[in-house]
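Take the sequence shown: its position 251, counted from the start at 1, is 251 in UniProt numbering, and no numbers get skipped.
Idealized CB from N, CA, C, for every residue including glycine.
As the structure is a computational prediction, the values presented were derived from the model and not from experiment.
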Amino acid sequence: MLQLAVVFAVLVTSGWVAHGGSPPPDAYSVQLGAWRKETVEGAALPDPRAPADEIAGFFSGLSGFQQLALARDYPLVVGNLNGAPVELRYTANSYALAQAEAEERTRLDNKRLTSAGRRAVNRRANRYASLRRPHRQILAFDPDGRGRAAEVLGDLHRAERITVIVPGIDNDLLNFERTALKWSAPVGMATALYREQRKAAPEVPTAVIAWGDYVTPNGMSVAAATAELAEAGAERLTGLLAGLPGDARTTLICHSYGSVVCGMAADELPDRVSDIVAVASPGMRASSAAALDTTARVWATRAPDDWIADVPNLSVGPLGHGIDPVSPQFGALLLSSERVSGHAGYFEPGTDSLAAFARVGTGRLGELGWFTDAARCRFRPEGTGGPAGGGAALAY
Numbered sequence: 001m002l003q004l005a006v007v008f009a010v011l012v013t014s015g016w017v018a019h020g021g022s023p024p025p026d027a028y029s030v031q032l033g034a035w036r037k038e039t040v041e042g043a044a045l046p047d048p049r050a051p052a053d054e055i056a057g058f059f060s061g062l063s064g065f066q067q068l069a070l071a072r073d074y075p076l077v078v079g080n081l082n083g084a085p086v087e088l089r090y091t092a093n094s095y096a097l098a099q100a101e102a103e104e105r106t107r108l109d110n111k112r113l114t115s116a117g118r119r120a121v122n123r124r125a126n127r128y129a130s131l132r133r134p135h136r137q138i139l140a141f142d143p144d145g146r147g148r149a150a151e152v153l154g155d156l157h158r159a160e161r162i163t164v165i166v167p168g169i170d171n172d173l174l175n176f177e178r179t180a181l182k183w184s185a186p187v188g189m190a191t192a193l194y195r196e197q198r199k200a201a202p203e204v205p206t207a208v209i210a211w212g213d214y215v216t217p218n219g220m221s222v223a224a225a226t227a228e229l230a231e232a233g234a235e236r237l238t239g240l241l242a243g244l245p246g247d248a249r250t251t252l253i254c255h256s257y258g259s260v261v262c263g264m265a266a267d268e269l270p271d272r273v274s275d276i277v278a279v280a281s282p283g284m285r286a287s288s289a290a291a292l293d294t295t296a297r298v299w300a301t302r303a304p305d306d307w308i309a310d311v312p313n314l315s316v317g318p319l320g321h322g323i324d325p326v327s328p329q330f331g332a333l334l335l336s337s338e339r340v341s342g343h344a345g346y347f348e349p350g351t352d353s354l355a356a357f358a359r360v361g362t363g364r365l366g367e368l369g370w371f372t373d374a375a376r377c378r379f380r381p382e383g384t385g386g387p388a389g390g391g392a393a394l395a396y
């Protein structure tokens, strides 16, 4: 009883069981309100919550001019609309980023800005400017709050294999990409993986999505130990997958709290998802890989010196994410994390983990070894084995 009382006290004092008033409308909500009143040739625009195939059908009936007009007038709506043509989303988000940057530059004229406020405004403006450079393909963008974004490397239409990177705590728009600790940010992770995939399987057209399009917990807070943000993230993740063009096989690489998101999304994933990789996971809110109720293969890895190993794998009321995915009883296939340092080094060039992610993402599973002992997980020459316990190499 004392333990439960302490848990309840933590939830109350952290605000988990209480909710404040509604915030003022954000830019997306303002545009959405106008979108709902708009028509095209007398027909109402679709509800953004409609299924992705319904959204795709709507846009397929519009002329190119009509599509661009909607992207220009409602960039935050179109830019985040699963099912809209991806190139149109890139264009819409370029408009939205330009608007957001202009608003931040205008704020610099405010004489009452403190030096700290001026630095913050400049930082946001510079981030928006960076994201809207011509070569970038921004699939999602929302400046509200801490901000969200998703970026595509490669061609989603031509890709035979797509990988989505789902990051963990402390990720937002300002650290979506970094100069220092480059490979720990979503864009750096995606860049490293895209390069490694092209090196590992140059004959396979691939695309990688740096998916920072959900609200992540801030630090080791109660939010990081509960499922509320993961549940919302899982809904956004399944929406993304439903809206991707084509039917390319898709891998989810889920880092830290991102693996909680993937675990909660698992039973709703489309058939195109062939593999889920839990990286440095605190748990996936499931008792085993089988309990995730997905047709995808489930992989896991963790570096020997990763601090996440010291996080208790408990589940007490809403707190905790359950069993460790690298534990034998969970039943995941294990990947090597040799030459990985700490919690944020899994995408560092030269690590076994990055090489393994590339091979899973490109379907070159015959080049991997599967073991139940994480310390023994190594690469094998192509075609020499499959999962521990027998079976042929799973490459498709």
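Status (buried if at least 16 other CB within 10 Å, exposed otherwise) for residue i
i    : result
R124 : buried
S29  : exposed
P282 : buried
L139 : buried
W183 : buried
V306 : Correcting the residue type first, residue 306 is Asp in the shown sequence and not Val. It counts as buried.
E177 : buried
R285 : buried
S115 : exposed
G21  : Below a pLDDT of 50, predicted positions are generally treated as unreliable, and G21, at 47, falls in that range; no measurement from the model is reported.
N93  : buried
R236 : buried
R36  : exposed
DSSP beta-bridge partners of residue i
i    : result
A84  : N82
D275 : T251 and R297
F141 : A149
R161 : T206 and R249
V166 : C254
G212 : A149
G342 : Partner(s): none; G342 has no beta bridge.
Closest Cα partner of residue i within the set the options
i    : options                   : result
A232 : Y257, S29, D271 and P245  : Y257
P312 : I323, D305, D306 and S29  : I323
N126 : E151, Q99 and D73         : Q99
R132 : R89, V260 and S274        : R89
W299 : D310, A266, A180 and W307 : A266
L366 : P318, A201 and M284       : The amino acid occupying residue 366 in the given sequence is Gly; Leu does not appear at that position. Closest option to G366, Cα to Cα, is A201.
G64  : R236, V40, P48 and T295   : V40
D247 : I253, T226 and A207       : A207
T226 : L252, P328, R249 and P318 : P318
E196 : T216, L181, V222 and L153 : L153
D155 : P85, K199 and T295        : P85
Alpha helix (DSSP H) segment containing residue i, residue limits
i    : result
E228 : E228 to G243
S115 : S115 to L131
A192 : P186 to A200
L365 : No alpha helix (DSSP H) holds L365; DSSP gives it neither H nor E.
M264 : Y257 to A265
F58  : A52 to S60
G33  : A27 to W35
D155 : Taken as a continuous stretch (DSSP letters only), D155 belongs to no alpha helix (DSSP H), as it is neither H nor E.
Residue i and residue j closer than 8 Å at C-beta
i           : j    : result
residue 445 : L240 : As displayed, the chain neither begins before 1 nor continues past 396, which places residue 445 out of reach and without an answer.
Y74         : A34  : yes
E151        : A210 : yes
V279        : H255 : yes
V261        : V166 : yes
residue 397 : G342 : Missing from the structure shown is residue 397; the chain here goes from 1 to 396 and no further.
D170        : G219 : yes
T301        : L335 : yes
M189        : F59  : no
E54         : P46  : yes
A120        : G83  : no
V78         : A71  : yes
L174        : G147 : yes
L62         : P48  : no
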